[in-house]
Structures are given as structure tokens and as C-alpha cells.
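Student:
Protein chains: 2
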Amino acid sequence: MANYTESIEKLIERLIKLPGIGRRSADRIIGYILDADLSEIKLLSEAISRMKENVRVCRICHNLSEEELCKICRDPRRRQDIICIVEKHSDVTAIEKAGTFDGVYHVLMGSISPLEGRGPADLKIESLLKRIKENHIKEIIIATDADTEGETTALYLTKIIKPLGVTLSRIGLGLPVGSNLEYADADTLSKSLESRRAI
Amino acid sequence: MANYTESIEKLIERLIKLPGIGRRSADRIIGYILDADLSEIKLLSEAISRMKENVRVCRICHNLSEEELCKICRDPRRRQDIICIVEKHSDVTAIEKAGTFDGVYHVLMGSISPLEGRGPADLKIESLLKRIKENHIKEIIIATDADTEGETTALYLTKIIKPLGVTLSRIGLGLPVGSNLEYADADTLSKSLESRRAI
């Protein structure tokens, strides 16, 4: 684009590195920035650098935090002896939305995937084991995804946590609430039958 | 999203104001920023504020510029007595890409659209007339879009520029180069017949 100025070209180069932003969307964002008030664009620019500077991961559970310990680890009303293990930050958000879990979390920062070359050493497992041993943890819930990587990770975790003598469970897999049995896939149905409960 | 920290929420609020960015894309951009190096994110944040601070419009033609006059108006090889009138900055880019025009531009910053409440007073027409009168302009090419707004604008400009006694033309409307006649719409075909040339 011969007509753009140098500062615009430089910004476009940066914008197209962002996920989901191509040349066309970058052009539209440039147009927006050119039209907007300087003060508003200053706030956007500051919000980006401030977010990057302020946000880190919790020293204990690796959840997102702006302080050494995250809100959940700092909360005296949460049971510190029950840990729910999840793959990523957004899983914490999802479970918090459900609002029924009153323990703390451990974010693995990924899952085991031999296909993509991610093994146990790439996950936050060492700090998890240290936590279980040093903090009188009573119960562990494995809440990794229900896909191949999540199940592989859950199997691996079961193997290494079981010998430590804590109560260990996997979240229930089965029919989603509100869904129709006839549309459920075969794997979900067999998991659902396996995890049946006496009534 | 209960789990995001304050700085993240603030940034998301700003991001979703950008065109084409919804909550989902904002989430993905947040993930990218969290994973990226601090130095890279600093450069992004700076590129945004620097672009907004540096870029303004050329005092003469209203094209984008980082100095008082844009590159084209400053270029001594360009003929300063032929003006091509376009609606917006990206039109300058398009014509510069073609690479055959050696005059200068005048960016109207919009088009006349009674439906959207934009009249001649909303466009940079006053400065255009001043330019024509004061700078010995010999020729004017009206290169507004071939849609209703563009045609309305071209008609209006013709009416006010014609009395000034400069050579005035409208860019050729017709079959796009490389296109098939059988797929052309009726309006394009009749324009194409109207603007036929003797061979």
C-alpha cells in the first residue's frame, strides 16, 4: 500500500501478528484509529502495555493474577485442602461461573499431547506434587478436558497422584444437562452409562 | 468472566470497540498478549500511540501524511496543475498502485449521501475550489466511486467546477479489464457503450 505513511505501515505489521487479524481487518482498525480521539487511542495503547506489565501467574496455582497470589488462593473462604486440576486459565473461569466449587485450583498450563510433542515435563506437574505433599491436601479433582489429550493427562496424573494417598476423582463425563439422549454421540453415551449412579 | 483480572477486563473493553473485534477475538488477542514477550507488546502499544500522534492530513490535498504536506504534494516530479479528486485515502492508494497518474490529488473525505445526511458542506470542497482558483490548475479528473453517492458527488462537482474554466473529466466507467461481457451487469454495459471510443 504505497500511500500509507511509515507509522501506519509499522502499526499494520504489528497488528497482523495478532490472532484473527489479517491485512483487511488491520486496514479497518487503522481507519478507526485515524478517526478516533487521541485520548481514546492513548487509553487503548496504555491498556495494552499495562495489562502485559500487571498480569502474571499465581505463584501457587498458576492462575492469572495481578499479585503474587491469585484472588482464589488468597480467599480465606476457599478450602485450601481440595485442589481442582485444570488445563488452562479459561477452565478456571468456566468452573467459577458454575459457582459450586469452594476449593482451590491448579492450572497445568496445557495438556499431554504426544502428537504435538507436549509431555508431562511441559506442564506444571512438579509444583502440583510439591503442593500435595507439603500442604496436607485431602482431595484432588481432575478436571482436564474430555478429549484425547485431556484423558491422557488425567490417566498420567492418576498414576502419579494415586500413590500419595489423597482422595482422587475425575469430573463426571456424560450427557450435557438439557441435551437429548438421541442426539448424543456413542462415546458420550457409553461414558454416561459407566458413570451411572444408584438412585 | 469472573476469572480475568482487572487489567485484562479493562483491555477487553477497549478491544471490543475496534471494528471486527468481538468478545471471542478479544479473548484470543488477550491470550496472544499474555504469551508474547513484554518487549513485543511494548512495541505494539507504542506503534498504536505513535501512529495516532504522527499521522495527520496533508494541508493541501487532505491525503494522509506525517508532515504538513504529503509525499505526493511534496514530490517535484508530480504535475501540480492536474488534480484527481477522490473520496477517501484508500482511493489514492489504489490509483498510485496503477502507477500511471502523475498529477496530484484532492481527497474529499467522503461523498454526498442525502440518505445518510451527508451534504457538500461535509466534504473538503471549499479548499478544493480555493486550490483551483489560486494555483493555476489546468485539469481536473473526478474519480469518485461509480455508485450512487459517487455519481451524485461527481454531478455536484461538475456543476460547481465547470464555470471555473478548467478541463474537467470523469474517469471512464465500463467493463473491468479481464472481465467477460456476458457476466457484466446492465448498468455497466450501458456505461461501457456510452463511453465507447473511435478506433
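Order-wise, the sequence lines are chains L and F. 1 is the number of the first residue of the first sequence in the working numbering; add one for each residue after it. 200 is the number of the first residue of the second sequence in the working numbering; add one for each residue after it. Built from N, CA and C at the ideal position, the CB exists for glycine as well.
1. What residue does the beta strand (DSSP E) around L/H106 start on, and which one ends it?
2. In the DSSP output, which residue or residues are listed as bridge partners for L/L64?
3. Going by beta-carbon coordinates alone, are F/I311 and F/G302 separated by less than 8 Å?
4. In terms of alpha-carbon separation, which member of F/E295, F/K337, F/G373 and F/E348 lies closest to F/K361?
5. So what's F/T387 in DSSP terms, helix, strand or just coil?
6. So, is F/K251 buried or exposed, given that buried needs 16 or more other C-beta atoms within 10 angstroms?
7. Determine which residues of the stretch 12-24 of chain L have a Cβ less than 7 Å from any Cβ of chain F, and write them out in chain order.
8. Scan the stretch 143-157 of chain L for residues whose Cβ lies nearer than 7 Å to a Cβ of chain F and list them as they occur along the chain.
9. Do you know offhand how far F/S248's Cα is from L/R14's?
10. Ends of the alpha helix (DSSP H) at F/S289?
11. Here's the rule: buried if 16 or more other CB atoms are within 10 angstroms of the residue's CB, otherwise exposed. What is L/K77?
12. Check for me: the beta strand (DSSP E) holding L/E139 runs from which residue to which?
13. Could you round the C-beta distance between L/L168 and L/I125 to whole angstroms and report it? I think they count as a contact, below 8 Å.
14. Jot down the residue ranges of each uninterrupted alpha helix (DSSP H) in the stretch 212-259 of chain F, minimum 4 residues, whole runs only, in chain order.
15. Can you pull the chain F residues whose beta carbon is under 7 Å from the beta carbon of L/I29, in chain order?
16. Around the Cβ of F/R399, are there at least 16 other Cβ atoms within 10 angstroms (buried) or fewer (exposed)?
17. What does DSSP give as the partner residue(s) for F/C283 in the beta ladder?
18. Does L/S49 have its Cβ less than 8 Å from a Cβ in chain F?
19. Suppose you measure from the CA of L/L181 to the CA of L/D147; what does that come to, to the nearest Å?
20. With a threshold of 8 Å between beta carbons, is L/S7 in contact with chain F?
21. Just how far apart, CA to CA, sit F/I370 and F/L356?
22. Counting only C-beta atoms, is L/I85 closer than 8 Å to chain F at any point?
23. Against chain F, which members of the stretch 92-112 of chain L pass a CB distance test of less than 8 Å?
24. F/Y382: buried (16+ other C-beta within 10 angstroms of its C-beta) or exposed?
25. Whole-angstrom Cβ separation of F/E286 and F/D344, contact assumed at under 8 Å?
26. List the endpoints of the continuous alpha helix (DSSP H) containing F/L367.
27. Could you tell me whether the Cβ atoms of F/E205 and L/E66 are closer together than 8 Å?
28. Using 8 Å as the limit for Cβ to Cβ distance, is F/K323 near chain L?
29. Which value, in whole angstroms, describes the spacing of the CA atoms of F/N334 and F/G221?
30. Distance, Cα to Cα, L/A143 vs L/C61?
31. What is the residue span of the alpha helix (DSSP H) that F/E348 lies within?
32. With a threshold of 6 Å on Cβ separation, who are the neighbours of F/M200 within its own chain once the five nearest residues in sequence on each side are excluded?
33. DSSP on F/R317, reduced to helix/strand/coil?
34. Nearest chain L C-beta to F/E265 closer than 8 Å, yes or no?
35. Beta-carbon of L/S45 versus every beta-carbon of chain F: anything under 8 Å?
Tutor: Based on what the coordinates show:
1. Counting along the chain, the beta strand (DSSP E) containing L/H106 begins and ends at V104 to V107.
2. Bridge partners of L/L64: L/V57.
3. F/I311 is not a Cβ neighbour of F/G302, given a cutoff of 8 Å.
4. Minimum Cα distance to F/K361 is reached at F/K337.
5. Three-state result, F/T387: helix.
6. With 16 or more Cβ atoms within 10 Å of its Cβ, F/K251 is classed as buried.
7. Closer than 7 Å at the C-beta level to chain F, one finds these residues of the stretch 12-24 of chain L: R14, L18, P19 and G20.
8. If you check each beta-carbon in the stretch 143-157 of chain L against every beta-carbon of chain F, none falls closer than 7 Å.
9. F/S248 and L/R14: Cα-Cα distance of roughly 13 Å.
10. Per DSSP, F/S289 belongs to the alpha helix (DSSP H) from H288 to A297.
11. Looking at the sequence itself, residue 77 of chain L is Arg, so the reference to Lys does not match. The C-beta of L/R77 has fewer than 16 other C-beta atoms within 10 Å across all chains shown, which makes the residue exposed.
12. Its beta strand (DSSP E) spans residues E139 to I142.
13. Contact doesn't hold; Cβ gap of about 15 Å is too wide.
14. Taking only runs of at least 4 residues, the alpha helix (DSSP H) segments lying wholly in the stretch 212-259 of chain F are 222-234 and 237-253.
15. L217 and P218, listed in chain order.
16. Residue 399 of chain F falls outside the range modelled here, since chain F spans only 200 to 398, and no answer is possible.
17. Residue pairing for F/C283: DSSP places it in a beta bridge opposite F/Y304 and F/I340.
18. For L/S49, a Cβ of chain F is located within less than 8 Å of the residue's own Cβ.
19. Near 20 Å, if we compare the C-alpha coordinates of L/D147 and L/L181.
20. With 8 Å as the cut-off, L/S7 counts as an interface residue toward chain F.
21. Spanning the two alpha carbons is a distance of roughly 13 Å.
22. Closer than 8 Å to the CB of L/I85 there is not a single CB belonging to chain F.
23. Flagged, chain order: V92, T93, E96 and K97.
24. F/Y382 counts as exposed, since fewer than 16 other beta carbons sit within 10 angstroms of its beta carbon.
25. F/E286 to F/D344, Cβ: 6 Å. Contact.
26. Segment T366 to R369 is the beta strand (DSSP E) holding F/L367; no alpha helix (DSSP H) there.
27. Closer than 8 Å, so yes.
28. In terms of beta-carbon proximity, F/K323 stays away from the interface with chain L, with every pair separated by 8 Å or more.
29. Looking at the two C-alpha atoms, the distance is approximately 48 Å.
30. Distance between the alpha carbons of L/A143 and L/C61: 14 Å.
31. Looking at the DSSP string, the run of the alpha helix (DSSP H) that includes F/E348 is T347 to I360.
32. Since pLDDT at F/M200 reaches only 43, below the 50 mark, its modelled position is unreliable, and the value read off the structure follows with that caveat. Cβ within range, chain order: n/a, list empty.
33. Here F/R317 sits in strand by DSSP.
34. Residue contact with chain L for F/E265: present (Cβ-Cβ distance below 8 Å to some residue of chain L).
35. Residue contact with chain F for L/S45: present (Cβ-Cβ distance below 8 Å to some residue of chain F).
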